[in-house]
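> This is the structure I have questions about; it appears just below.
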Amino acid sequence: MLCHVGLVALLVAAVAGCSQPPVAEEAAPAEATEVRPGSGEVVAVRGAAPPVAGGFRSVVFFTPEDGHEVALPDEPPTMDQFGLTFDPGVLVARAGQAVAFTNGDDVLHNVHVSDSATRETVFNIATPIAGVYMHTFEQPGTYTVSCDVHPAMAAYIVVTAAPYAAVADRAGRFELSGVPAGSYRATVWSVDATWRSEQQVEISADVELQLHSAS
């Protein structure tokens, strides 16, 4: 399933020769009751997005057309370094939200984050064993993550202003609970730029969204 991230966003180019870091499976959301778009009740959103590309999963963002706001989550999303990989390989965060970078390995790492659009370094810090580094991404965008000590390690952080986001599974299936029924702009991010898209959708109970075309 996919986690309900308050929000976060992203887009980027694939990093050659990168590993395929694991992404934790998530529990299924509670069954939603039947509602009508605009009713103000919440539902579970399910559908299909692009499958894994270059070892990285796709992300779907939902921006409400009515402009309603959602507070940032209290707990920061975390990207860990474990088993010489970044976990998760694709992390979603909302603009203005702090992200925790941890080192669960018994070796020294560093976290080198760059803006995917400009290739400029955002920060490059050492992460000692059991170390934690916090960074707040103020602007939406896609960021590449690497470890200079272990070049095979690679990941992406997608920062978005959208209040609802889901990381798809390897096959492209996604499920996101706690979304108010109504009209949304659905944005799809994938490492494969040809699979990125944006469209208007109506979200209601029992609706399956098809956000990927194999053609």
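Numbers 97 to 311, taken from my numbering, label the letters of the sequence shown in order. In this text, a Cβ means the ideal position worked out from N, Cα and C, and glycines have one as well.
Give a yes or no on whether the C-beta atoms belonging to residue 298 and residue 286 are separated by under 7 Å.
Within the sequence shown, numbered from 1, the residue matching residue 298 stands at position 202. Within the sequence shown, numbered from 1, the residue matching residue 286 stands at position 190. Cβ distance not < 7 Å, so residue 298 and residue 286 don't count as in contact.
> What residues are listed by DSSP as bridge partners for residue 272?
For this step, residue 272 is matched to residue 176 along the sequence shown. Answer is 141, bridged to residue 272.
> I need the DSSP call for residue 289, collapsed to helix, strand or coil.
What you label residue 289 is simply residue 193 of the sequence shown in a count that begins at 1. The answer is helix: DSSP assigns residue 289 an H, G or I state.
> Can we count residue 212 as close to the ligand PLP, meaning its CB is less than 6 Å from some heavy atom?
Judged by which ligands are present, the structure shown has none, so any question about the ligand PLP falls away.
> For my contact list, residue 232 and residue 192 are in at a C-beta cut-off of 8 Å; report their separation, rounded to the angstrom.
As a first step, residue 232 is located in the sequence shown; it is residue number 136 there, counting from the start. As a first step, residue 192 is located in the sequence shown; it is residue number 96 there, counting from the start. Right, the Cβ-Cβ distance comes to about 7 Å (below 8 Å), so this counts as a contact.
> Quick one: give me the first and last residue of the beta strand (DSSP E) that residue 237 is part of.
Translated into the one-based positions of the sequence shown, residue 237 becomes position 141. Run containing residue 237: 237-242, per the beta strand (DSSP E) assignment.
> On the three-state DSSP scale, how would you describe residue 281?
Indexing the sequence shown from 1 puts residue 281 at position 185. In the structure shown, residue 281 sits in a strand (DSSP, three-state: E or B).
> For residue 201 and residue 181, I'd like the C-alpha separation in whole angstroms.
On the sequence shown, position 105 is the one that residue 201 refers to. On the sequence shown, position 85 is the one that residue 181 refers to. Cα-Cα distance, rounded: 9 Å.
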